[in-house]
Amino acid sequence: MAILVNEEKKLFTLNTKSTTYQMKVIDYGYLAHLYYGKRLDGDMSYVITHYDRGFSGNPNDAGEDRTFSMDNIPQEYSCYGNGDYRTPAFNMKDIEGVHGADLRYVSYEVLNEKYSLKGLPAAYTEGEKGETLKIVLMDDVNGVQVTLLYGVIEDKDVITRAAIVKNVSDADVFITKAASTSLDFVSGDYDIIHFHGRHAMERMFEREEITHGVKKIGSIRGTSSHQHSPFVMLADRAANEDHGDCYGISLLYSGSFNCEVEKDQTDQIRLNMGIQDEMFEYVLYPGSEFVTPEVAMVYSADGFADMTHKMHDLVRYNICRGEYKTKRRPVLINSWEAVYFDFDGDDIVNIAKKASELGVEMLVLDDGWFGVRNDDRSGLGDWFVNEDKMGGSMADVVKRVNDLGMKFGIWIEPEMISEKSRLFEEHPDFAFRIPGRKPVMSRSQLNLDFSRKEVVDCILEQMFKVFDQINVEYIKMDMNRSIANVYSITEGIQNNGTILYKYVLGVYDFMDRLQARYPKLFIEGCSGGGGRFDAGMMYYTPQIWCSDNTDAICRLDIQYGTSFGYPISVVGSHVSAVPNHQTGRITPFNTRAVVAMAGSFGYELDLNKVSDEEKEEVKTQIAAYKKYWDLMHNGLYYRLTDADKSKKIAAWSFVSRDKAETLVNIVTVDSFCNSPVPFVRVKGLDADATYVDEATGAEYSGQGLDQIGLPVPLKFGEYNAYQIHLVRK
Ligand code: DGJ
10 MAILVNEEKK LFTLNTKSTT YQMKVIDYGY LAHLYYGKRL DGDMSYVITH YDRGFSGNPN
70 DAGEDRTFSM DNIPQEYSCY GNGDYRTPAF NMKDIEGVHG ADLRYVSYEV LNEKYSLKGL
130 PAAYTEGEKG ETLKIVLMDD VNGVQVTLLY GVIEDKDVIT RAAIVKNVSD ADVFITKAAS
190 TSLDFVSGDY DIIHFHGRHA MERMFEREEI THGVKKIGSI RGTSSHQHSP FVMLADRAAN
250 EDHGDCYGIS LLYSGSFNCE VEKDQTDQIR LNMGIQDEMF EYVLYPGSEF VTPEVAMVYS
310 ADGFADMTHK MHDLVRYNIC RGEYKTKRRP VLINSWEAVY FDFDGDDIVN IAKKASELGV
370 EMLVLDDGWF GVRNDDRSGL GDWFVNEDKM GGSMADVVKR VNDLGMKFGI WIEPEMISEK
430 SRLFEEHPDF AFRIPGRKPV MSRSQLNLDF SRKEVVDCIL EQMFKVFDQI NVEYIKMDMN
490 RSIANVYSIT EGIQNNGTIL YKYVLGVYDF MDRLQARYPK LFIEGCSGGG GRFDAGMMYY
550 TPQIWCSDNT DAICRLDIQY GTSFGYPISV VGSHVSAVPN HQTGRITPFN TRAVVAMAGS
610 FGYELDLNKV SDEEKEEVKT QIAAYKKYWD LMHNGLYYRL TDADKSKKIA AWSFVSRDKA
670 ETLVNIVTVD SFCNSPVPFV RVKGLDADAT YVDEATGAEY SGQGLDQIGL PVPLKFGEYN
730 AYQIHLVRK
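Those letters in the sequence shown? Residues 10 to 738, per the numbering used here, in order.
Dropping the structure here:
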């Protein structure tokens, strides 16, 4: 049993293979958090200490005891208004606008399976054990019940959390904050590691000491965003890749989110993570429920690499779904950077033809095939094939592509509408617009109101008409603006605070129904690259276009940051043309391929336009990808260098779980004359074994590779890349 309940002590312990999470009902029915970390036995109640802290309120039940304050007690689900002045996990308003809650323990239940969440993504188990602990808390005055859900996937060292808030009163109430998780630490010196960024430069690693006050990251853009990632780490100040305590915390949600860490007056730390509370106000009618998104948490005592392995396994095997969850993805060629909007059916077939001759397996037709869409100013919402532009039917193009022995994939952007479109003429109310205001524009488009089922239905029906006619095996689902002008004609202005949450549910519903209609379809996510790159999305799209930046050197940083919380298998990554379309940089063809192979591999250029030598290289690259894909996608990923560019090289590796082989990848990011030889320490191997470089026959001891490392070849030229396959002798 992973979940242990001591009824007498009201002590709840969640054990995974190497971690323990513990909580307890203390005086007056409060649910206190005791411990989360390395696996241990015993009762950790002693961590709660009571002192009279000035200006820290006491519950009335405590009488004259001024040492009992919620301001000081580590809690499972803290509330505003019961004497705790730290940033709360939960807050609400009653019908008269009075803020606050006071949640007390009512009951518990243990289930022999991991819970799921209605309408929202949640980690699942398949052929392995999962368990659930439900703890019910209640605010008797407001008539609000909160059920805390804890999922335990013992073998994966994963604990998940979510909460369900139910209005059991006979008046409306308003939830103004409902985090998915709240973690209180009574001691410890921690850093917060988070991943900030911008369009075409997502998930940059940043590590900061947690100091007094509140540090808040998140998104109010309606999507998880390019600017911040809903995956964060909490790490002991001394922790690094190989050693030390660290926690990985990943929110399975694709909308606005909030993560805050606070160091309080007595140096305790709280981390809350969940849906964004700014502009959020969820109306809960009598009898109705609000379900928070899920958070998945892992802990490692052995540094970032081990934490990453646990998180990767969770996302790869317990969040991603579908046929391609672990299967090799077809090597694809995407039309976007090859022709942008300027193509007809023959152009697309010509790109496919050359690509198929070189071994590419799927053609993806990107933006521009529907409505009137010759640039990004019109056509969104009109999901019918532009046969004039294509020079014939889509079925014909697909057939010609299929006849080359290639699969066919297509791009969509279902959540958008152009003012210049038939849909806008017919249904202007489908767009988010605030009455009386001119809408904020972005890429000349507006967001569709996906909180309304009839809007989702209308887009799906149009797409079904197209896809029912063709053999489409892959869809790239894009989303190219942040949400603004939030107003829904069904919700009305007084319920505005619920819309963005319902919007996200609408997007999930769209993907569920699309997948249900075409069960074999493989959906890749995208939001201007990695603007909605989160574990929630991965439940529907096991691959996401990682960034609109295809420059191999920029991708080193983007894929480095991405790697902490997300596995290689979800990272869409392509070889593109040089000079690179985003940066103008010229990198060798081989380097672009080595970097793109740290993801789901493909091309994003017209292979008719590369040299004969490069055409031959394409064949070699695809052969390498096919040879190593299993090692790359299902093996253990190690970062061998950090974000510090002064080291002049970037390196990473994939190691098979039995340690029999590793693929070491190295890119030089700077060049010198008469350079010192850099060495890359190779991790995760069998120290007692000898490894042989498959290409050269050179032999290395496992210990040597760990202690000194591999010498990086010194080769003339900029941005060289190496892939070294070492096999145990
Ligand atoms: C943004 C995507 O990230 C690109 O790859 C491309 O699909 C464009 N949108 C098309 O408009």
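Note that beta-carbon positions come from the ideal geometry of N, C-alpha and C, so glycine has one too. Since we're looking at a predicted model, the values are computed, not measured.
Residue i vs residue j beta-carbon contact at 8 Å
i	j	result
lysine 628	glycine 368	yes
glycine 718	valine 686	no
leucine 261	tyrosine 548	yes
asparagine 558	methionine 210	yes
asparagine 383	proline 448	no
methionine 520	threonine 232	no
histidine 393	valine 465	The amino acid occupying residue 393 in the given sequence is phenylalanine; histidine does not appear at that position. No.
threonine 507	valine 241	no
phenylalanine 266	serine 228	yes
leucine 389	serine 344	no
valine 167	glutamate 140	no
glutamate 332	lysine 485	no
glycine 46	threonine 28	yes
proline 339	lysine 416	yes
alanine 633	glutamine 732	yes
arginine 583	alanine 605	The identity of residue 583 in the sequence shown is histidine, whereas the question assumes arginine. Yes, the Cβ-Cβ distance between histidine 583 and alanine 605 is below 8 Å.
Buried or exposed (CB count within 10 angstroms, at least 16 for buried), residue i
i	result
leucine 672	buried
aspartate 200	buried
alanine 247	exposed
glutamine 716	exposed
arginine 522	exposed
glycine 418	buried
cysteine 555	buried
histidine 108	exposed
glycine 160	buried
arginine 446	exposed
leucine 129	buried
isoleucine 498	exposed
beta-carbon residue i near ligand 1 non-hydrogen atom, thresh 7 Å
i	result
glycine 534	no
glycine 538	yes
tryptophan 420	yes
asparagine 489	yes
asparagine 345	At residue 345 the sequence reads tryptophan, which differs from the asparagine that was named. Flag set: Cβ of tryptophan 345 near ligand 1.
aspartate 566	no
tryptophan 392	no
tryptophan 378	no
aspartate 560	no
aspartate 375	yes
aspartate 543	no
tryptophan 638	no
aspartate 385	yes
Residue interval of the beta strand (DSSP E) (run including residue i)
i	result
lysine 363	It is not in any beta strand (DSSP E) - lysine 363 instead sits in the alpha helix (DSSP H) that spans 354-367.
lysine 416	416-421
phenylalanine 610	609-613
phenylalanine 21	20-24
methionine 371	371-374
threonine 185	182-194
arginine 207	199-207
isoleucine 173	167-176
histidine 42	40-47
phenylalanine 573	Phenylalanine 573 -> no beta strand (DSSP E), and no H or E assigned at all.
Rounded Cβ spacing between residue i and residue j (contact assumed at less than 8 Å)
i	j	result
glycine 414	serine 451	About 40 Å separates the two Cβ atoms, so there is no contact after all.
leucine 20	histidine 318	With a Cβ gap of about 31 Å, leucine 20 and histidine 318 do not count as contacting.
methionine 101	asparagine 151	7 Å
leucine 146	valine 115	6 Å
valine 579	cysteine 268	Contact flag wrong, Cβ pair sits at about 20 Å.
glutamate 608	glutamine 568	Strictly speaking, residue 608 in this sequence is glycine, with glutamate absent from that position. That belief holds up - the Cβ atoms of glycine 608 and glutamine 568 are roughly 7 Å apart, short of 8 Å.
isoleucine 284	alanine 187	7 Å
For residue i, the first and last residue of its enclosing alpha helix (DSSP H)
i	result
asparagine 643	621-643
serine 680	It is not in any alpha helix (DSSP H) - serine 680 carries neither H nor E in the DSSP assignment.
leucine 432	431-435
phenylalanine 519	508-526
glutamine 732	Per DSSP, glutamine 732 belongs to no alpha helix (DSSP H); it is in the beta strand (DSSP E), 730-737.
threonine 600	598-605
glutamate 215	Where glutamate 215 is concerned, there is no enclosing alpha helix (DSSP H), although the beta strand (DSSP E) it sits in stretches over 210-218.
Residue i at chain B interface by Cβ criterion, 8 Å
i	result
isoleucine 577	Protein chain content of the structure displayed is limited to a single chain, and chain B is not contained in it.
Ligand 3 heavy atom lying under 7 Å from the CB of residue i
i	result
tryptophan 554	Looking at this structure, you won't find ligand 3 anywhere; what it does contain is ligand 1.
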